[in-house]
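Chains as they are written, first to last, in UniProt numbering: chain A, 1 to 623; chain B, 1 to 623.
Even glycine gets a Cβ: it sits at the ideal position worked out from N, Cα and C.
A quick note: this is a predicted structure, and the numbers were derived from the prediction, not measured.
Number of protein chains: 2
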Amino acid sequence: MPTAKPAPPRTCVATVSLSGSLTEKLTAAARAGFDGVEIFENDLLASPLDATEIRARCADLGLTIDLYQPMRDIEAVPADLFAANLRRARHKFELMNRLGTDTVLVCSSVSPHAVDDDALAAGQLARLADLAQEFGVRVAYEALAWGRHVSTYDHAWRIVETAGHPALGTCLDSFHILSRGSDPRGIEDIPGEKIFFLQLADAPPLAMDVLQWSRHYRCFPGQGGFDVAGLLRHVLRAGYTGPLSLEVFNDVVRQAEAGPTAVDAHRSLLVLQEAVGRVELPAPVVPTGIAFAELVTPDAEPVTAVLGALGFARTARHRGKPVDLWQRGEARILVNTAGAARRDGTQLAAIGLEFPDPAGAARRAEALLAPVLPRRRAPGDTPLDAVAAPDGTELFFCATGHPELPDWRTDFEDLPVTGETIGPDRSPAAAPGDTSAAVPGPLRVDHLALSQPWHQFDEAVLFHRGVLGLDARESVDLADPYGLLRSRAVSDPAGRVRIALSVGPGPADDTAHAQHIALATADVVAAARRFRAAGGRLLAIPANYYDDLAARYGLPDDECRTYRDLGILYDRDGRGELRHCYTLTVGRVFFELVQRDGDHPGYGAPDAPVRLAAQHGARHLGG
Amino acid sequence: MPTAKPAPPRTCVATVSLSGSLTEKLTAAARAGFDGVEIFENDLLASPLDATEIRARCADLGLTIDLYQPMRDIEAVPADLFAANLRRARHKFELMNRLGTDTVLVCSSVSPHAVDDDALAAGQLARLADLAQEFGVRVAYEALAWGRHVSTYDHAWRIVETAGHPALGTCLDSFHILSRGSDPRGIEDIPGEKIFFLQLADAPPLAMDVLQWSRHYRCFPGQGGFDVAGLLRHVLRAGYTGPLSLEVFNDVVRQAEAGPTAVDAHRSLLVLQEAVGRVELPAPVVPTGIAFAELVTPDAEPVTAVLGALGFARTARHRGKPVDLWQRGEARILVNTAGAARRDGTQLAAIGLEFPDPAGAARRAEALLAPVLPRRRAPGDTPLDAVAAPDGTELFFCATGHPELPDWRTDFEDLPVTGETIGPDRSPAAAPGDTSAAVPGPLRVDHLALSQPWHQFDEAVLFHRGVLGLDARESVDLADPYGLLRSRAVSDPAGRVRIALSVGPGPADDTAHAQHIALATADVVAAARRFRAAGGRLLAIPANYYDDLAARYGLPDDECRTYRDLGILYDRDGRGELRHCYTLTVGRVFFELVQRDGDHPGYGAPDAPVRLAAQHGARHLGG
C-alpha cells in the first residue's frame, strides 16, 4: 500500500531577511505567499505597532508568527546573572503571549560571563523552560557558529538532551551547521519532535571570519555554495514537521525592496522543497535554443545598419506592430519601434527561448512566482506564454516552426529578400546550415549578456537555475576602469542557451550598463572583415594588447597583425581557443562575433578589462 | 657634528590604485604631487597610448616611471616552461626600455607548475637577471602572501641572496608582510641596496582569505589597522633609499574619481613620512572646541523655530551678509540664508573649530593638501583661514574671543536680546556656565554627525586624523531599515571636539543622508520638556523600545514612562550612562540632546536602529 505523500512543510521568513518597516516586511512576506514569519526582536522594537497590533496585522495578512527571536546570553552564567536573565525572559514570554507566538529562539551564549559547563547550561535552560511552560511557550536552543562554549549543533543537542525538559528543544540553522563544516548526518540522531525549529540560509563560498560571513553574506538557498537540500533531507528524515524558515542577513538585501526580495526568497524555498520531494512543481523544461532577441529602439536606423553589416536581412514584419524580424541563419533579431518601448534608447527587452514543451515551461515559471505577462498583446496576436525575468526582460516560451503549437512566426509576414545575405533557411527548422556566402557568416546566437539591477543579481541566478533549469558557473570579477563588475554565466548542459549575467559595482546607474548579443561564427576573421567591408565599425583594441599577446602565446606576427587590425581578442586554455571581437555600441546594445575552437567554454573574462576600457574610450553610434 | 637630515624619499603610486584610463590616472597622480608611478601592466594593455607615448606623457607631467609590474609565474619551473618565460620576459624588457623604466616586479609564483626548490628558483631568477642586465633592467622579486612555495619576505630574500646577482633584488610590500603576521624586524637584516622597491598599503583588520583581502580591501596607510609606519622604519633603517610607493586594490577606490583619490593617497604618504621623521610638516594643532556650526537654508523659519525652542537666541547678525548667530551657552549656530547657499535645502555647510594656534593649524592643513578657501569672502570680512573637508564641509580655523587673532565674531554685530534664554555669557570666554534658566539648558556642542560621500569615507577618517590630529575609533555598523550604515567617530583626547563620520550603504543618494548637531545637557529630561513646552517637536520612539528597556535594565516604571513620553533613548555600559533624544528633521539637519553620566564614551550606536527607523516614519519640518 503506498504511503500518503506528506504535506508540503509550511514556509516562513524571518523579518530580518526583508528591508523596511515591520509593516512593509509583513506585507511583502504575505504577498509572496509565505505562511508565516519569525519576528526579529529589533524589528518589533522599532515598530510603532504594539504586540497586539502586530498579531492582528499578521492575522489580517494570513500570516502566523512561528518564532520570536533571539534571546541571547541566557545560559551557563553565575546565579545572580541568571536570575536577571529569568526576569528578562519573563518580560519576553509575556510579550510572546500578546504576539500569539509559542516558540522562542535562544542562541548559545557569547557572553564573557558564560562558563564552559554543560551541566550548568542544561540546568539553567531547564529552569528557563519551566518558566516558559507557565506561559505556554517553547524554547528552541541553537548553537551559534561563534558561540563562546557551544558552537556546534550536536553540542547544543547534547545539552538539550541532558536538560530533558518537554518545553526545551533545539533549533537548527543551516548556516551555523554548514559554515563550520559540521557533518549534517548526525541530525538524524535527534528525535524529530525535539527539533523545535529550522532556519535555512545559503552563503557563497568565502574564507572569512564566520561572524562577518553570517552577518553580511548569507543568501537564499540555491544562491550560494552550501548543500542546503542535503541538510534539509537529514532534518526531514529525523522527523521534523515544523516550518522551513529563511533567515538571511545580507548587505544587498537590506537595501533592496522588500517585495521582490520576498518573492525571490519564496521561490528559493519552492525549489528547495522540490529538491527534497516535498512539493510538486511542473517539471523543469530546459530551453534548447534562442528563438529571437528583441531590441526596442526609438530610432531603428543605427541598429539596423549594424545588423545589415553583420549580414542580417529584414525577412519579415509583424502583422500588427512596428516590429521587424532580422535574420541570418539561426540568429533572429526583432527590432521594435513601438511607442511604448521607445523611452530608454536601444535596449534588449525580450528574449524568445525554444522549448520542447513551451506550455510546460510556462507553467513551471508561473509556479515559481515569475510574473506572467499577457498572452496576447493585441487582438490577432498568437497567444504566446511569457514571463518577466528579475531584470524586467520579457521571456517568451517558443517552439519555432512547430505547426501544432502557437508559433510567434505566424504573427509575422514574410518580406521579399534580395541579395546573398539570407539563405534557404528562412524557416530554420527546415535548414541545417547557412550556405548564403563564400565567407561563413554568423549562424546563431552564441550567448546573450545581460547586466542585472544591482539588487537582483543573486535573484537572477536563482531564477535562471530554478525556473529555466540552466546551470550556473562560478562568479568572476571583471575590472572595468571605473569599478569591478561581477559576471556569472548560466547555460543548458549542451551550451545551446548561454546567458552571461553581470552586475555593476554599485546600485546606481543600472540603465547605463551594456547588454550584448554574441553571434557564433566559424571564422571570426572572415566575419569581421566582411562586417567592416559592409560599413560596420568594430571596437578598436589597443596595440599594446597585441604586443602582449605575442609575448604570452608566441602567436605568429601576421596573425597578431590581423587580430590587431580587426580588434580581435584571443584567449586560450587547455580546452581550446576563443577569438572574438565587438561592434560599437548602439544605445545600451552591442554585438560580439565569437569563434570557439576545440571546446573553449569561456566568455573572454581575461580580455574583459581591455575590452571594457576600449568601450569607455569609443564613441557610440547613437540610438 | 650633526648629520645632515636625509632628503624625503620620493613618492610614487601604482596606476592600479587610481580609477579610469591610464591618462586619467597619470594626470591625477601628477596633480596630487606624486614624483612617480608604477605602471600596472593591465593599465598599459588597455591604453591607446604606446610605450613611447606613455613615457612622453609622464615626462610632460613631471612623473618618473619607477616600476613596471607585475611579471608572474616565472621561477622554479621545468626548463621548457622557463625558456618560454624568458621569451616573454625579453618582450617585457624591450617594452620597459621604450617606457624608460628600469625596474620590474616579479611576484613569487602561484603556478601549479612551480616546484618547491629554492635553488632552482634562485638559479632561474639569476638567469632572468642576466637577461634583464642586457636591457639595463633590474628585477625586484617579491613574496606574494599567497605564493605557492614562497610567501614570506624573508624567504624571498634568501632566494635573492642565494642567486647573488647584481640585477636581482627584492621588493617589499607592507600588505604581504603584515597580512601574514610576519615580524618586520627581520627587514633590517637585508642590505638596503638589495631592497629594489617598496610598496605600501594598509588594510582594515579582517579575518578573511588573504587573496580576497588584498584584492578588495587594501587602503592607504593610516586608513586601516596595520602599523605601516613601524614597517617603514625597519625598511629605512635597512638603508633603503628608493621611492615609497602606494599599491592599493580596493573596490571603492576603483569607483571613485581618480583626482580626489590621488590627493587622499598623497596625503597618506605625507602623514606616513612625518611619522618616520622623513618629512617636516607644520606640527599638528589639535582643536580645543567647536566655535560654531553653520547651517545654510533656503528658508530660515523652520530651523530657527527649532533653535528657539531649544533655548537659542539670535544674538548677532553678520555685518555684510544674511547670516545670523544663534547662541545658547557655548553652543553657537550660524544660520545663513545667502543666495549661493540656498539650493539644496537646509544643511550643515561649515564648522568653526577653536585652535590654540589657528594659523599653524591652517598651515598644516594646506601642507596636507586640504583645498584652501579664500580668506575673505567679502571686503571687510575678517581674514579667516578655512579649508574644505573631503565631504565639502568648510572648516574655519578660529580662536573665538582672542583679540590678538582674527576673530570671526568681529564680523557680527550684537543684537539686543530679550528674555531668559541667553545668559551673561554672550562672550563665552568670559562665562563659565549658563545660569539663564531654572532648568539647565544645552550648553555646548557634544558632537557633530556628518554623513560622508560613499567614495570618501576612508579619506574623511584619514583627513580628520592627519590634518586635525583627532583620534579615530573603530568603525561600527548601524542597521537602518533600508541598508547598513557605517559610522566612525573622531575626537580630540579630551572629548571637546567629537565628530561622528558616517556613510550610507551605497554610492547613491549622498545628499539624502542626514547631518546632526548634538547638544550636551546636564539634564536631558528637563531639557526635552522645556523644548516641547516651547513648541518643539521631538522624535517619537516606539513603546516597544521602552518595554524592552525595562526588561533589559530593570529601570523603574516611572522612569521608563518619562523616557517614553519624551522619546529619550537610554544606553548603559561599564563606564556610565547615555540618555539622548532627537528633534524632527529640517532639510538634512536635526538636533540631538545628550546627557552623559559617568564617563559614557558612546554615541548611541545600540539605539541607532530604533532611531533610524523612527526617523523614516516621522515627518520632516520642511526647510
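### B/G483 in three-state terms, based on DSSP
The three-state secondary structure of B/G483, taken from DSSP, is strand.
### Query
Around the Cβ of A/A614, are there at least 16 other Cβ atoms within 10 angstroms (buried) or fewer (exposed)?
Per the 10 Å Cβ criterion, buried.
### Interface flag, A/P606 vs chain B, CB-CB below 8 Å
no
#### Entry: B/G419, buried or exposed, once every other Cβ within 10 Å from all chains shown has been counted against 16
Its pLDDT being 49, under 50, B/G419 is placed unreliably by the model, and nothing is read from it.
### Query
Taking 8 Å as the CB-CB cut-off, is B/Y68 touching chain A?
no
### Query
Quick one, are the C-beta atoms of A/F397 and A/A362 less than 8 Å apart?
yes
### Task
Could you work out which residue in B/T521, B/A378, B/A313, B/A229 is closest to B/L415 when comparing CA atoms only?
B/A313
### Message
Suppose only complete runs of 3+ residues qualify. What are the beta strand (DSSP E) ranges in the segment 124-161 of chain A, listed by chain order?
### Response
138-142
### Query
Do the CB positions of A/P260 and A/Q452 come within less than 8 Å of each other?
no
### Of the listed residues A/A359, A/T52, A/R619, A/Y240, nearest to A/L95 (C-alpha basis)
A/T52
### Message
Measuring straight from C-alpha to C-alpha, what distance separates B/R537 and B/T382?
### Response
37 Å
### Message
So that I know if they touch, is there some Cβ in chain B lying closer than 8 Å to that of A/S19?
### Response
yes
### Message
Just to confirm the assignment, what range does the alpha helix (DSSP H) spanning B/V461 have?
### Response
457-466
### Query
Which class does B/A331 belong to by DSSP, given the choice of helix, strand or coil?
strand
### Query
Would A/P243 be called buried (16 or more neighbouring beta carbons within 10 Å of its own) or exposed?
Classification for A/P243: buried.
### Any chain B beta carbon closer than 8 Å to A/A42
Note on residue identity: the sequence assigns Asn, not Ala, to residue 42 of chain A. For A/N42, the answer is yes, since a Cβ of chain B falls inside 8 Å of its Cβ.
### Task
Decide if the segment 518-532 of chain A is in contact with the segment 566-574 of chain A; the criterion is three or more beta carbon pairs, one per stretch, under 8 Å apart.
yes
#### Entry: Simplified DSSP assignment, three categories, for B/Q223
In the structure shown, B/Q223 sits in coil (DSSP, three-state: anything other than H, G, I, E or B).
### Query
beta strand (DSSP E) containing B/E294: first to last residue?
289-296
### Task
Quick one: residues in its chain with C-beta nearer than 6 Å to the C-beta of residue 624 of chain A, no 5 flanking neighbours on either side, listed in chain order?
This structure does not reach residue 624 of chain A, given that chain A is present from 1 up to 623, and the question cannot be answered.
### Message
Taking the beta carbon of B/V106 as the centre, do at least 16 other beta carbons fall within 10 Å, making it buried, or is it exposed?
### Response
buried
### Task
Identify whether A/V524 lies in helix, strand or coil by the three-state DSSP scheme.
helix
### Task
Pull up the CB-CB distance for A/S19 and A/E257, whole angstroms please, since I reckon it's below 8 Å.
7 Å
### Three or more C-beta pairs below 8 Å linking the segment 461-469 of chain B and the segment 261-273 of chain B
They touch, by the three-pair rule.
### Message
Does chain B have any CB closer than 8 Å to the CB of A/H580?
### Response
no
### Query
Just to confirm, are A/V594 and A/V524 a CB contact at a threshold of 8 Å?
yes
### Message
Spatial neighbours of A/H318 within its chain, please: C-beta separation below 7 Å, excluding the five flanking residues on both sides.
### Response
Excluding positions up to five away in sequence, the list reads D411, F412.
### Query
Taking just the CA atoms, how far does B/Y546 sit from A/S109?
The alpha-carbon atoms of A/S109 and B/Y546 are separated by roughly 24 Å.
### Query
Where does A/T27 fall in DSSP's three states?
helix
#### Entry: Pairwise C-alpha distance: B/H600 and B/A167
Approximately 59 Å between the Cα atoms of the pair.
### Task
Determine the direct distance from the alpha carbon of B/T393 to that of A/G622, and round the result to whole angstroms.
39 Å
### Message
Once DSSP output is grouped into helix, strand and coil, what is the label at A/V13?
### Response
strand
### Message
Does the CB of A/S47 have a neighbour CB from chain B at under 8 Å?
### Response
yes
#### Entry: Rounded Cβ spacing between A/A203 and A/W213 (contact assumed at less than 8 Å)
In this structure, A/A203 and A/W213 form a Cβ contact; the two beta carbons are roughly 6 Å apart against a cut-off of 8 Å.
#### Entry: Near-chain A residues of the segment 248-261 of chain B (beta-carbon distance less than 7 Å), N- to C-terminal order
D251, R254, Q255
### Task
Assign A/R364 to one of three DSSP states: helix, strand, or coil.
helix
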